[in-house]
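These notes concern the structure reproduced below.
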Amino acid sequence: MVNLGVKIGQLELKNPVLTASGTFGYGVEFADFVDLNRLGGFIVKGTTLEPREGNDYPRMVETPSGMLNAVGLQNKGVDYFIDHIYENLLQYDSEIIVNVSGKSIDDYVEVARRLQPLDRIRAIEVNISCPNVKQGGMAFGTTTDGAAAVTAAVRHAWDKTLIVKLSPNVTSIADIARAVEAEGADAVSLINTLMGMAIDIERQRPYLSTTTGGLSGPAVKPVAVRMVWQVAHAVKIPVIGLGGIMSGADAIEFMLAGARAVQIGTANFVDPAATMKILDDITAYCNRHNIADINDLVGLV
Numbered sequence: 257m258v259n260l261g262v263k264i265g266q267l268e269l270k271n272p273v274l275t276a277s278g279t280f281g282y283g284v285e286f287a288d289f290v291d292l293n294r295l296g297g298f299i300v301k302g303t304t305l306e307p308r309e310g311n312d313y314p315r316m317v318e319t320p321s322g323m324l325n326a327v328g329l330q331n332k333g334v335d336y337f338i339d340h341i342y343e344n345l346l347q348y349d350s351e352i353i354v355n356v357s358g359k360s361i362d363d364y365v366e367v368a369r370r371l372q373p374l375d376r377i378r379a380i381e382v383n384i385s386c387p388n389v390k391q392g393g394m395a396f397g398t399t400t401d402g403a404a405a406v407t408a409a410v411r412h413a414w415d416k417t418l419i420v421k422l423s424p425n426v427t428s429i430a431d432i433a434r435a436v437e438a439e440g441a442d443a444v445s446l447i448n449t450l451m452g453m454a455i456d457i458e459r460q461r462p463y464l465s466t467t468t469g470g471l472s473g474p475a476v477k478p479v480a481v482r483m484v485w486q487v488a489h490a491v492k493i494p495v496i497g498l499g500g501i502m503s504g505a506d507a508i509e510f511m512l513a514g515a516r517a518v519q520i521g522t523a524n525f526v527d528p529a530a531t532m533k534i535l536d537d538i539t540a541y542c543n544r545h546n547i548a549d550i551n552d553l554v555g556l557v
């Protein structure tokens, strides 16, 4: 038997497999395809203070070894989540993590404050790295001062596990990670999507309504692994790795680079059962290599 349990701040996960926000809805949408109770946890779609319609269509396009998206944090707001979604998630024995975003620091704080009383929400992921919104998002995550300011403010409003999601669209992601660690982050997750662009040569215009969007999928994995490795050496708090994980082998690679847990994103669009297969592959790898505790893999490289 392999011990797959990992700890992120105060959060104790039954295994290191999480779903990436924006790729798994609210979890319940995937109940016909996967056993949600087997997941370490699922991170619900980006949640803001007020409802958001998102960006105009088209806002997704396939690219070689990946995809570009410019959805723009479409959601019905935090109050809708509390009143209509939360109760439906209580039937599952997996951690529920809410991805929080905002146009201003006050927005982040208020969303965290409203989620604080919910017993089963034991962690939030503060998104300071979304490249597809005009206000907030990546604007806070590309400077150490901005990242630190959001983290410090949310930390005062939230006394449970605080994860901060980092942007790869920076000069030094290690500096950003150190900044949020200093302000009380319990963990960091990385990477969010890389800025990219695709052009329809027949129409001679960009495919996306927003011109640019966030690149995800296998194309970004080598960059993500490198950044996870850098950040794991820069901070003492746990690192959650994501970016192009399509298989158990990919997940193991991130853990060897220093990730304590992983998030599965684009793979969910390709195969709705990807998380279950990746979890099985991780277990098989540990058995094959006589690894009794998954934590022994973390940062082994």
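Going left to right, the sequence shown walks through residues 257 to 557 as our numbering numbers them. Don't be surprised by glycine CBs; every beta carbon is placed ideally from N, CA and C. Quick caveat: nothing in here was measured; it's all calculated off a predicted structure.
Where residue i and residue j are concerned, what is the direct C-alpha to C-alpha distance, given to the nearest angstrom?
i, j, result
"residue 263", "residue 552", "13 angstroms"
"residue 426", "residue 325", "19 angstroms"
"residue 557", "residue 512", "5 angstroms"
"residue 431", "residue 289", "39 angstroms"
"residue 283", "residue 520", "13 angstroms"
"residue 304", "residue 539", "36 angstroms"
"residue 311", "residue 274", "26 angstroms"
"residue 223", "residue 522", "Since the first and last residues shown for the chain are 257 and 557, residue 223 lies out of range."
"residue 479", "residue 471", "12 angstroms"
"residue 258", "residue 463", "46 angstroms"
"residue 388", "residue 507", "Unreliable positioning characterises residue 388 in this predicted model, as indicated by a pLDDT of 47, which lies under 50. The coordinate reading is nonetheless provided below. Their backbone Cα atoms lie some 26 angstroms apart in a straight line."
"residue 362", "residue 541", "45 angstroms"
"residue 338", "residue 459", "43 angstroms"
"residue 313", "residue 331", "15 angstroms"
So what's residue i in DSSP terms, helix, strand or just coil?
i, result
"residue 477", "helix"
"residue 378", "strand"
"residue 288", "coil"
Please return the same chain residues whose Cβ sits closer than 7 angstroms to the Cβ of residue i, not counting the five positions on each side in sequence.
i, result
"residue 429", "422, 446, 483, 486 and 487"
"residue 481", "509, 510 and 513"
"residue 321", "473, 474 and 475"
"residue 368", "356, 380, 410, 413 and 414"
"residue 293", "348, 349 and 350"
What residues are listed by DSSP as bridge partners for residue i?
i, result
"residue 443", "419"
"residue 460", "Answer by DSSP bridge pairing: none, since residue 460 is not bridged."
"residue 549", "259"
"residue 451", "470"
I'd like the list of long-range same chain contacts for residue i, defined as Cβ closer than 6 angstroms, with 5 residues on each side in sequence excluded.
i, result
"residue 490", "430, 433 and 434"
"residue 406", "361, 364, 384 and 396"
Excluding five sequence neighbours on each side, which residues of the same chain lie with their C-beta closer than 8 angstroms to the C-beta of residue i?
i, result
"residue 526", "502"
"residue 419", "264, 265, 353, 379, 380, 381, 382, 441, 442, 443, 444, 445 and 496"
"residue 299", "274, 275, 276, 277, 280, 353, 354, 355, 381 and 519"
"residue 455", "461, 462 and 463"
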